[in-house]
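Take 3 as the starting number for the sequence shown in UniProt numbering and just add one per residue. By construction, the Cβ of each residue, glycine as well, lies at the ideal position given by its N, Cα and C atoms. Everything below concerns the one structure shown next.
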Amino acid sequence: GSLQSRVLRGPAATLTGNPFEQPSRGCLAYHDDALVVIEEGIITAFGPHAELKDALPAGSEVTHYPDHLIVPGFIDAHVHYPQMQVIGAYGTQLLEWLETYTFPAEMSFADAGHARRVAHLFLRELLRAGTTTAMVYCTVHSQSVEAFFHEAARFDARMIAGKVLMDRHAPAGLLDTAQRGYDESLALIERWHGRGRALYCVTPRFAPTSTEAQLDAAGALLKTRDGLFLQTHLCENPAEIEWVRELFPARASYLDVYAHAGLVGPRSMFGHGIHLHEGDFCTCHQAGAALAHCPTSNLFLGSGLFRLFEAVDPRRPVMVGLGTDVGGGTSLSQLQTLNEAYKVAAMVGHKLDAVQGFYLATLGGARALGLDGKIGQLAPGMEADLCVLDPRATPFMAFRAGYCASIEEVLFMLMTLGDDRAVRATYVAGRCVYDRDREDDPFRP
Ligand code: GUN
Ligand code: ZN
Numbered sequence: 003g004s005l006q007s008r009v010l011r012g013p014a015a016t017l018t019g020n021p022f023e024q025p026s027r028g029c030l031a032y033h034d035d036a037l038v039v040i041e042e043g044i045i046t047a048f049g050p051h052a053e054l055k056d057a058l059p060a061g062s063e064v065t066h067y068p069d070h071l072i073v074p075g076f077i078d079a080h081v082h083y084p085q086m087q088v089i090g091a092y093g094t095q096l097l098e099w100l101e102t103y104t105f106p107a108e109m110s111f112a113d114a115g116h117a118r119r120v121a122h123l124f125l126r127e128l129l130r131a132g133t134t135t136a137m138v139y140c141t142v143h144s145q146s147v148e149a150f151f152h153e154a155a156r157f158d159a160r161m162i163a164g165k166v167l168m169d170r171h172a173p174a175g176l177l178d179t180a181q182r183g184y185d186e187s188l189a190l191i192e193r194w195h196g197r198g199r200a201l202y203c204v205t206p207r208f209a210p211t212s213t214e215a216q217l218d219a220a221g222a223l224l225k226t227r228d229g230l231f232l233q234t235h236l237c238e239n240p241a242e243i244e245w246v247r248e249l250f251p252a253r254a255s256y257l258d259v260y261a262h263a264g265l266v267g268p269r270s271m272f273g274h275g276i277h278l279h280e281g282d283f284c285t286c287h288q289a290g291a292a293l294a295h296c297p298t299s300n301l302f303l304g305s306g307l308f309r310l311f312e313a314v315d316p317r318r319p320v321m322v323g324l325g326t327d328v329g330g331g332t333s334l335s336q337l338q339t340l341n342e343a344y345k346v347a348a349m350v351g352h353k354l355d356a357v358q359g360f361y362l363a364t365l366g367g368a369r370a371l372g373l374d375g376k377i378g379q380l381a382p383g384m385e386a387d388l389c390v391l392d393p394r395a396t397p398f399m400a401f402r403a404g405y406c407a408s409i410e411e412v413l414f415m416l417m418t419l420g421d422d423r424a425v426r427a428t429y430v431a432g433r434c435v436y437d438r439d440r441e442d443d444p445f446r447p
C-alpha cells in the first residue's frame, strides 16, 4: 500500500531545468543505478544507489528494474475522455468532426453507466501509457464528471477535470444554460476540488459553443475557490477562427474573447493555439497562461503546425504542456505524441531534442499547470507518480537500443519508437497501479 515505504532501483532520469531556456545537457539528471525512496506516497530520496543504499528506511521493499528507465509519470495537458469511442474517425476537419462524430458520442454520457464504463477504460489506458496526471474534458453531463473523479479516486491519482459548458451551437441534449452550467459546476467544485488529489477545471468547450453570458459565468466560477483551473480550445482551425470572428466582432482576437471574460490567467490551459499572433503569445506570457501542444490531433484533423519554439521564446516564454487530445488525437501515449511533436517541429525548421521532449511531457507540463513542486520530477518532496520505461520493449527496440550511446539517444529512441508497450510499470502515489508483466488485474486496488 502507499503508506509503506517502498524503494525502486534502476536507471533513472528526471528533468531539473528548462531546456528551452538553457542548454539541454544541463537540464537532465541521470543515474545509471538509482534509488527512488518513497514514504507515504511521497518521494523522500532520489540519487545514486551507492550513495543512498545504507540510509534506507527499515524494512523497505526494493523493486529492481535493471535495464529499464525510471522517469516521472507523464502529464497529459489536454484530453477528452468521452471521445475514446470516436478516436480515429475518418475524413473530417474540426467543425464537421464535432458535428459528425464527437457530439453524438458525447450524448451517450447522459447514461451514467456508460460514463462509468468509459471512465474505467480511459484511466486504465492512461496508466498503461505511463500517464499519471491528465487535464480532462468530461461532457456537459454532471454524471460524466462524477464518473471520472470517482474512478480516478480509486488510484488516488492527481487528475484535473471538469464539466463541459455549452449553451449554444450544439445538439439540444448537450446544452446547458449560463445559470445551469454555473450551478452544476459549482456543485462539482464543492464535491471534488481538493478531495484527495482531485482538482477541478472550469471547462467552457470553446467560444463558439458558449454565449458571452456563459463565458462570464465561467470567469465567476474561477473566483469561487482557490486553485481552480480553466481549460478551453483556442485558434485550432481556420474555419473555427473565422466563426469566432463573426460571433464576437467586438473582440480584438480569439484570445481576447477569453481575456474579456477573465479566463486568461495562471492555471489557464488553452488547447492547440496553432494560429496565434505575437500579441497573443505576449498576453499568455504576461498572464501566466499556458498552451497545450497537441500534435497528433493537429495532424489528424489537418489543423496545422503549432509553432512550439516561437511559443517558448525565452524573451517572453509561454508555458507549454503536451496534450494527446484524444479523440481528435490518435494516441494516449505521450511517447507517440512526442514522436509527432518532433516531426511538427521539423516541418517548421526546428529540432526538438529528447530532453526538450521529456520536459514537455513531465516538468514542463507540471509548470504549465502550476503543479511543479508536486509532480513532474524525481526529487524529495514530490508525489511519487512514476513511470518505468522499457527501452527493449520489442525486438526491434532491443536491436535499436544496442546502437544508443547515451541516455539522450535512448530517450530519443523511446520517443520515436515507443508507445504503451514500452511502459513496464506505472506508480501512482507510490503504489504500483499497472504492471505490464503481471497476469492479474493490478487495477483492482
Ligand atoms: N474544439 C471544440 N471542441 C473540441 C474538441 O472536442 N476537440 C478538439 N480537438 N477541438 C475542439
Ligand atoms: Zn480538445
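Three-state class that DSSP yields for residue i in the structure shown
i    : result
F76  : strand
S26  : helix
G93  : coil
F231 : strand
D185 : helix
S7   : strand
G33  : Reading off the sequence shown, one finds His at residue 33, where the question assumed Gly. Of the three classes helix, strand and coil, the one that applies to H33 here is strand, per DSSP.
M86  : helix
A252 : coil
F150 : helix
T428 : strand
E342 : helix
L217 : helix
G164 : strand
P173 : coil
A114 : helix
H143 : coil
V320 : coil
V328 : coil
V39  : strand
S299 : helix
P447 : In this prediction, P447 scores a pLDDT of 48, lower than 50, which makes its location untrustworthy; the coordinate-derived value is nonetheless stated afterwards. Reduced to three states, the DSSP call for P447 is coil.
I45  : strand
Same chain, Cβ closer than 7 Å to residue i, five either side skipped, listed in chain order
i    : result
A356 : E410, L413, F414, M417
V314 : F22, V320, V322
V350 : L307, R309
A403 : P393, R394, V412, M415
C140 : Y83, P84, S146, V147, F150, A163, G164, K165, V166
Near the ligand ZN: residue i beta-carbon under 8 Å from a heavy atom
i    : result
H277 : no
S305 : no
Y83  : no
G90  : no
G367 : no
Y260 : no
G273 : yes
Y139 : yes
G229 : no
G164 : no
G323 : no
H80  : yes
Length of the line joining the Cα atoms of residue i and residue j
i    : j    : result
G196 : D78  : 19 Å
V430 : A368 : 15 Å
A241 : T211 : 14 Å
Y436 : P251 : 50 Å
L236 : R11  : 42 Å
A180 : S144 : 15 Å
P50  : V9   : 12 Å
A14  : P59  : 20 Å
A200 : R160 : 6 Å
L111 : F283 : Note that residue 111 corresponds to Phe in the displayed sequence, not to Leu. Using only the alpha carbons, I get a separation of about 35 Å.
T16  : Y32  : 7 Å
Q87  : T104 : 9 Å
Q338 : R170 : 35 Å
C389 : T133 : 8 Å
S4   : T135 : Because the pLDDT at S4 is just 44, under 50, the model does not fix this residue reliably, and the value given afterwards should be weighed accordingly. Answer to the nearest angstrom: the Cα atoms are 17 Å apart.
F311 : L30  : 19 Å
R269 : E108 : 25 Å
G267 : P397 : 47 Å
S333 : G420 : 12 Å
V328 : D185 : 28 Å
Contact test: residue i Cβ vs the ligand GUN heavy atom, cutoff 8 Å
i    : result
C296 : yes
Cβ shell of residue i (< 8 Å), same chain only, five flanking positions each side left out
i    : result
A261 : T285, A289
E63  : Q6, S7, R8, V9
Beta carbon proximity, residue i to chain C, threshold 9 Å
i   : result
A15 : Protein chains in the displayed structure number just one, and chain C is not present.
6 Å Cβ shell around residue i - same chain, five flanking residues per side excluded
i    : result
A400 : R394
The ligand GUN: which residues have Cβ under 6 Å from any of its heavy atoms, chain order?
H82, L96, L100, T104, R207, F208, H235, E238, S299, D327, G330
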